[in-house]
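Asks: For the sequence shown, the UniProt record's numbering gives the first residue as 1, with consecutive numbering after it. Quick one: the structure is below, and I'll ask about it shortly.
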Amino acid sequence: MARAAAPLSFAAVGDAPLSTLSGVGARVAEKLAARGLVTLQDLWLHLPRQYEDRTTIVPIRLLRPGIAAQVEGTVEAVERGFRYRPSLRVAISDESQGTLLLRFFHFRAQQVAQFAVGARVRCYGTPRAGGNGLEIVHPSYRVVAEAGDDALGERLDPVYPAIEGIGPGALRKLIGQALDRLPDAEALELLPEPMRAALDLPSLRDALLTMHRPPRDADVPALLAGTHPSQQRLALEELLAHHLSLRRQRIALQRHRAPALATAGALAQRLRDALPFALTGAQERVFAQLRHDLAQPHPMLRLVQGDVGSGKTVVAALAAMLAVESGRQAALMAPTELLAEQHLANLRAWLEPLGVRVAWLAGKVTGRARRDVLAAVASGEAQVVVGTHALMQDAVAFDDLALAIVDEQHRFGVHQRLALRDKGAGGDRVPHQLVMTATPIPRTLAMAAYADLDVSAIDELPPGRTPVQTVALSAEKRPDLVERIRAACAEGRQAYWVCTLIDDSDEVIAQAAQSTFDALSAALPKARVGLVHGRMKASEKQATMRAFKEGTLDLLVATTVIEVGVDVPNASLMVIENAERLGLSQLHQLRGRVGRGSAASSCVLLYQSPMSQMARQRLETMRETNDGFVIAEKDLQLRGPGELLGTRQTGLAAFRVADLARDAALLPQVRELADTLLADDPALADRIVHRWVGGAARYASA
Ligand code: ADP
Ligand code: MG
């Protein structure tokens with residue numbers, strides 16, 4: 001990791017613990033810490049979620065239901081009731097001849113005393129239509145001595161996201177104190193002046209003060225939407241900090257050495273010659289990139305994105321041949337046993353005829369077999385090692401791991417990727433890394449999330465694939481669907497029926513899959529129906545999958561265990577139950593199980609009414625496009641990046657201010673700024689990272 005930032009005045013102030021504020025004892029500090037608020041800077045960045053305008057007094061007559069406002073009036077009448085529950089009703093009127101009712105259901109005797117007839121009160125709240133004109137329930141209020149006595153504020157009042165155990169007033173005071181200790185603009189600022197001027201954004205200090213205490217004429221809708229220049233200023237610096245932190249990790253990685261796999265490529269060529277198909281242009285291009293990277297004496301770190309069925313595996317196998325031809329080892333790790341087994345089957349079929357020894361390591365490989373595999377891996381006899389997480393266990397030692405391949409990266413955390421990489425580390429040497437994912441990530445997002453990786457895309461499907469036809473069908477139409485499956489199976493087509501539930505428990509889902517299996521078996525007496533779910537033994541699952549793949553089953557009822565990577569080209573019908581509950585990328589992954597052969601395929605999204613607006617949009621998107629990148633963009637809009645990428649993977653959801661979906665337009669600028677800073681002033685770059693990412697960046701220290 002980079003050097004620690006030099007202690008600077010801003011850092012000293014921003015890093016000061018909250019206990020330096022008055023009113024923060026151990027108890028309050030603990031409540032704040034529970035929300036991740038530990039330093040003064042954390043409070044600076046705890047931004048309001050709403051504002052209240054107490055800068056003017058609205059004549060009561062001009063109040064409108066539903067629109068919050070501040071009024072001031074004289075108490076005309078007070079009434080206490082106990083009929084159903086205690087209640088206090090206070091009628092006030094003002095010079096506009098308007099009358100307003102204030103209603104309280106919780107109150108103290110002392111409050112009742114305050115509302116003497118003739119007292120002057122100023123209150124704030126949202127009026128609604130009541131039985132006798134407008135009323136405000138539980139307004140915030142205070143008694144003022146005389147009309148116009150108290151000066152009005154110049155600024156809007158912030159309303160902060162609530163923190164358990166700390167009242168809104170107390171929180172506002174604490175944040176106010178923290179803001180009073182903001183260093184002056186120059187001391188606080190990190191972005192060089194010319195940069196800031198070019199961007200036409202306010203200074204950090206001004207941006208923070210505007211967010212917390214906007215002037216009365218501020219563009220509140222923009223502040224709340226996050227499009228205000230102040231908010232953009234904060235978001236920009238935060239995105240920049242994250243981007244810089246990833247870039248620095250990359251620079252650190254580049255300082256390591258890796259075995260240069262600069263071979264003639266004869267083995268890879270033999271594999272290509274033996275394949276029953278020609279590589280697509282996209283596969284050629286990506287393999288050429290990999291080959292170039294692998295020939296360097298520095299570690300490759302490349303993400304290969306390719307839609308489901310785009311043929312990533314064979315590209316990985318070709319890359320592995322470069323390691324093997326150099327007399328070294330390659331490892332391929334997949335997130336599920338099913339997927340790893342499929343890779344194993346493919347690699348064995350492709351590589352063993354070439355005399356390449358492929359070893360298998362998964363959790364269920366135990367005892368003698370395991371000892372043998374470990375020995376073969378350690379001696380180098382195993383040239384390519386395929387497996388699951390088991391590959392990362394301590395007992396696994398490679399002779400000379402030169403290339404670590406991780407499939408379906410989104411299922412793994414960064415830590416796991418690094419753990420596999422570390423298997424090949426020795427001295428200052430690390431292996432090359434190839435990461436493959438079928439979850440396309442919008443380009444902008446990839447830039448932010450993977451600034452530490454090179455990204456290539458296999459953006460072309462093998463020829464002869466017909467796009468999958470997708471329809472959405474109400475669950476009531478299930479009988480028609482069963483009929484359709486009967487017809488398809490009679491024609492020798494194969495179908496998947498995927499059961500999903502909102503409940504995440506394996507057991508409940510397994511039960512649902514079981515009952516669907518029972519029902520479908522009964523309804524389709526002629527069809528051969530199989531079942532796989534997460535609760536089954538791996539050997540049973542595997543046997544069923546194999547039977548389906550070999551065509552001795554017509555219909556496979558499954559849970560989402562089949563989501564990733566399963567390849568049965570003859571399957572051409574996919575039914576997804578409760579499709580309204582799944583996210584776009586999961587739906588896309590599931591749909592990708594069909595349309596892998598030459599037969600025209602279809603996907604039926606069964607939904608339960610009523611559907612939320614968001615669910616409707618998702619299904620609409622699925623019907624409109626098969627393009628994983630388009631779907632990813634839509635997913636980003638609908639869900640936001642945290643969910644899209646998974647927090648585990650990137651820590652991106654940890655943004656305090658920025659929102660990648662909203663602020664994506666800033667990313668090209670961010671990249672440019674980062675280039676300039678890294679070239680001109682790396683120490684300053686470190687300070688920016690320290691301010692925003694600080695300890696959080698350690699999750700992925702390279
Ligand atoms: P994914 O990118 O989803 O992992 P796979 O690597 O599983 O895709 O490939 C999907 C299927 O396409 C496999 O059966 C594979 O053998 C086949 N395939 C890969 N490349 C080609 C190609 N260039 N032409 C035809 N079929 C191909
Ligand atoms: Mg795959």
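For every residue, glycine included, the Cβ atom is placed at its ideal position computed from N, Cα and C.
Here's the rule I'm using: 16 or more other beta-carbon atoms within 10 Å means buried, otherwise exposed. How should HIS292 be labelled?
Replies: Its Cβ having fewer than 16 others within 10 Å, HIS292 is exposed.
Asks: Identify every residue that forms a DSSP beta bridge with SER456.
Replies: BP columns for SER456 point to VAL304.
Asks: With distance defined between alpha-carbon atoms, name the residue in VAL112, ALA29, ALA402 and THR99 nearest to LEU294.
Replies: LEU294 has its Cα closest to that of ALA402, out of VAL112, ALA29, ALA402 and THR99.
Asks: Can ASP219 and ARG205 be called in contact, C-beta distance under 8 angstroms?
Replies: For ASP219 and ARG205, no; Cβs fall outside 8 angstroms.
Asks: Under 7 angstroms from any heavy atom of ligand 2, does the C-beta of THR313 make it?
Replies: Result yes, Cβ under 7 angstroms from ligand 2.
Asks: At a cut-off of 7 angstroms, is SER598 close to ligand 1 when judged by its beta-carbon and the heavy atoms of the ligand?
Replies: No, ligand 1 has no heavy atom inside 7 angstroms of this Cβ.
Asks: In the structure shown, what three-state DSSP assignment does GLN608 receive?
Replies: GLN608: coil per DSSP, three-state reduction.
Asks: Ligand 2 heavy atoms versus the CB of ALA438: any closer than 7 angstroms?
Replies: Yes, the beta carbon of ALA438 sits closer than 7 angstroms to at least one heavy atom of ligand 2.
Asks: DSSP on SER93, reduced to helix/strand/coil?
Replies: Strand at SER93.
Asks: Once the 5 residues before and after PRO161 are set aside, which same chain residues still bring their CB inside 6 angstroms of it?
Replies: Once the five neighbours on either side are set aside, the close Cβ partners of PRO161 are ARG49.
Asks: Using 7 angstroms as the cut-off, classify the Cβ of PHE398 as near or not near the heavy atoms of ligand 1, replying yes or no.
Replies: No, the Cβ of PHE398 stays beyond 7 angstroms of every heavy atom of ligand 1.
Asks: Are the CB atoms of PHE115 and PRO86 within a distance shorter than 8 angstroms?
Replies: The answer is no: Cβ separation not under 8 angstroms.
Asks: Go to ALA295, then tell me how far its alpha helix (DSSP H) extends in each direction, as first and last residue.
Replies: From DSSP, ALA295 is part of no alpha helix (DSSP H); its letter is neither H nor E.
Asks: Classify GLU483 as buried or exposed, calling it buried when 16 or more other Cβ atoms lie within 10 Å of its own Cβ.
Replies: Its Cβ having fewer than 16 others within 10 Å, GLU483 is exposed.
Asks: Spatial neighbours of GLN289 within its chain, please: C-beta separation below 6 angstroms, excluding the five flanking residues on both sides.
Replies: Excluding positions up to five away in sequence, the list reads SER456.
Asks: How should SER132 be labelled, buried or exposed, when 16 other C-beta atoms within 10 angstroms of its C-beta is the threshold for buried?
Replies: What sits at residue 132 in the sequence shown is Asn, not Ser. Answer is exposed; the Cβ neighbour count stays below 16.
Asks: Cβ of residue 705 within 7 angstroms of any heavy atom in ligand 2?
Replies: Given a span of 1 to 702 for the chain in the structure shown, any question on residue 705 remains unanswerable.
Asks: Could you tell me which uninterrupted alpha helix (DSSP H) segments, each at least 4 residues in length, are contained entirely in the segment 312 to 366, listed from first to last along the chain?
Replies: 312 to 325 and 337 to 351, all fully within the segment 312 to 366.
Asks: So, using beta-carbon positions, are ALA571 and VAL594 closer together than 8 angstroms?
Replies: Contact flag set, yes.
Asks: Can you tell me whether SER572 is helix, strand or coil according to DSSP?
Replies: Note: SER572 maps to strand in three-state DSSP.
Asks: Just to confirm before moving on: does the CB-CB distance between LEU201 and TYR141 stay below 8 angstroms?
Replies: No. Outside cutoff.
Asks: What does the Cβ neighbour count give for LYS526, buried or exposed, with the cut at 16 atoms within 10 Å?
Replies: The residue in question, LYS526, is exposed, as its Cβ has fewer than 16 Cβ neighbours within 10 Å.
Asks: Is DSSP giving SER230 helix, strand or coil here?
Replies: SER230: helix per DSSP, three-state reduction.
Asks: Does DSSP put GLU72 in a helix, a strand or coil?
Replies: The answer is strand: DSSP assigns GLU72 an E or B state.
Asks: With DSSP run on the structure shown, which of helix, strand or coil describes ARG691?
Replies: Reduced to three states, the DSSP call for ARG691 is helix.
Asks: Measure the alpha-carbon distance for LEU222 versus THR210 and round it to whole angstroms.
Replies: First, the residue type needs correcting, since residue 222 is Ala and not Leu in the sequence shown. Computed Cα separation, rounded: 12 angstroms.
Asks: How about PHE548: is its Cβ closer than 7 angstroms to a heavy atom in ligand 1?
Replies: It does not: the Cβ of PHE548 is nowhere closer than 7 angstroms to a heavy atom of ligand 1.
Asks: For the beta strand (DSSP E) containing ILE60, list its first residue and its last residue.
Replies: From DSSP, ILE60 is part of no beta strand (DSSP E); its letter is neither H nor E.
Asks: Taking only heavy atoms of ligand 2 into account, decide whether any of them is closer than 7 angstroms to the Cβ of ASP407.
Replies: Yes, since a heavy atom of ligand 2 falls inside the 7 angstroms radius drawn around the Cβ of ASP407.
Asks: Who are the Cβ neighbours of GLU52 in its own chain at under 7 angstroms, not counting the five residues just before and after it?
Replies: Within the same chain, GLU52 has close Cβ partners ALA68, TYR124, LEU156, ASP157 and VAL159.
Asks: Assign GLU135 to one of three DSSP states: helix, strand, or coil.
Replies: Correct three-state label for GLU135: strand.
Asks: Is VAL689 near ARG348, with beta carbons less than 8 angstroms apart?
Replies: Cβ distance not < 8 angstroms, so VAL689 and ARG348 don't count as in contact.
Asks: Among VAL308, LEU244 and THR336, which one has its Cα closest to the Cα of PRO569?
Replies: Looking at the Cα atoms, VAL308 is the closest of the given residues.
Asks: Using CA coordinates, which residue listed in VAL435, ARG371, SER230 and LEU351 is at the minimum distance from GLN383?
Replies: The candidate whose alpha carbon is nearest that of GLN383 is LEU351.
Asks: Which word fits VAL117, buried or exposed, when buried means at least 16 other C-beta atoms lie within 10 angstroms of its C-beta?
Replies: By the 10 Å Cβ count, VAL117 comes out exposed.
Asks: Evaluate contact between the segment 667 to 678 and the segment 615 to 622, counting only Cβ atoms and requiring at least three cross-stretch pairs below 8 angstroms.
Replies: Because the criterion of three Cβ pairs below 8 angstroms is not met, the segment 667 to 678 and the segment 615 to 622 do not touch.
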